[in-house]
Ligand code: AMP
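Numbering (my numbering), first residue to last: 2 to 217.
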């Protein structure tokens, strides 16, 4: 199974990619996570990417494409989360897929209105130890300041989850997403889902939709 999840930041595509990973053994490949891991390692790529990410701008294609190519060449079942982000990245992805003889089965477009996205992103915080995601408005830990999953009491927020950067990230998303959707609509690969309900509901909706289209 090879899927692409499109959607604005905070649309829940990363959460769903992780649920698929846990339930269907697919790898979740997030270009944002790959870039953040390069920043943590203080690699050359990480240092270059950081300035773009802190402003909410897109990191140059050659960096992102290099990371993606390395990752998908060694994987058979995957979900691309946050990639492609532009029509050019979609075209370049097709070139890579052709080279390694892979074919995308389905592209899912997560639709969520901006006012919900803003609350999801500005309220988002993450367990520093296990990565479980919480939210000031929607999902607090059951015991205050203790992670439900791993009991850690250390949490962090992403550097780019602030009002100014989010505005830019949403602008960039709105400029390119229609083009991307049209690109995949032409290839008959696109489905859109309204992704505003809770994660279990969305997971079941997605699972049923995908099961009808792809052999899981
Ligand atoms: P995300 O974790 O998907 O919200 O991405 C965080 C940031 O990483 C974005 O705001 C961009 O700066 C960068 N980024 C992630 N994916 C891409 C991509 N496909 N192309 C360019 N930049 C990206």
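C-beta: ideal position from N, C-alpha, C; glycine also.
Any non-hydrogen atom of the ligand AMP closer than 6 Å to residue i Cβ
i: residue 124; result: no
i: residue 185; result: no
i: residue 9; result: no
i: residue 109; result: no
i: residue 121; result: no
i: residue 174; result: no
i: residue 60; result: yes
i: residue 54; result: yes
i: residue 132; result: no
i: residue 98; result: no
i: residue 259; result: Residue 259 falls outside the range modelled here, since the chain spans only 2 to 217, and no answer is possible.
i: residue 86; result: yes
i: residue 65; result: yes
i: residue 13; result: no
i: residue 170; result: yes
Neighbourhood of residue i by C-beta distance below 6 Å, restricted to the same chain and skipping five residues each side
i: residue 67; result: none
i: residue 180; result: 88
i: residue 174; result: 9
i: residue 121; result: 11
i: residue 214; result: 107
i: residue 167; result: 122
i: residue 200; result: 16
Sequence-distant residues of its chain with Cβ nearer than 7 Å to residue i (five each side left out)
i: residue 1; result: Residue coverage of the chain in this structure runs from 2 to 217, which leaves residue 1 outside it and unanswerable.
i: residue 49; result: 64
Start and end residues, beta strand (DSSP E) containing residue i
i: residue 23; result: Taken as a continuous stretch (DSSP letters only), residue 23 belongs to no beta strand (DSSP E), being part of the alpha helix (DSSP H) at 14-25.
i: residue 82; result: 79-82
i: residue 135; result: 134-136
i: residue 195; result: 191-195
i: residue 4; result: 3-7
Segment limits, alpha helix (DSSP H) that includes residue i
i: residue 53; result: 45-56
i: residue 65; result: 62-74
i: residue 204; result: 200-214
i: residue 1; result: The chain is shown only over 2 to 217; residue 1 falls outside these bounds and no answer can be derived.
i: residue 94; result: 88-101
* Quick check: the stretch 90-100 against the stretch 40-52, are there 3 or more CB pairs under 8 Å? -> no
* Which residue spans inside the stretch 105-129 form an unbroken beta strand (DSSP E) run of at least 3? -> Whole beta strand (DSSP E) segments, 3+ residues: 107-112 and 125-128.
* **Touch test, the stretch 97-113 against the stretch 132-145, Cβ-Cβ under 8 Å, three pairs minimum** => no
* Please determine if the stretch 76-88 and the stretch 26-36 are in contact, where contact requires at least 3 C-beta pairs separated by less than 8 Å. => yes
* Can you check the stretch 140-187 for any alpha helix (DSSP H) of at least 4 residues that lies completely inside it and give the ranges in chain order? => 164-187
* Asked: Is the number of C-beta pairs between the stretch 161-168 and the stretch 122-130 that are closer than 8 Å three or more?
  -> yes
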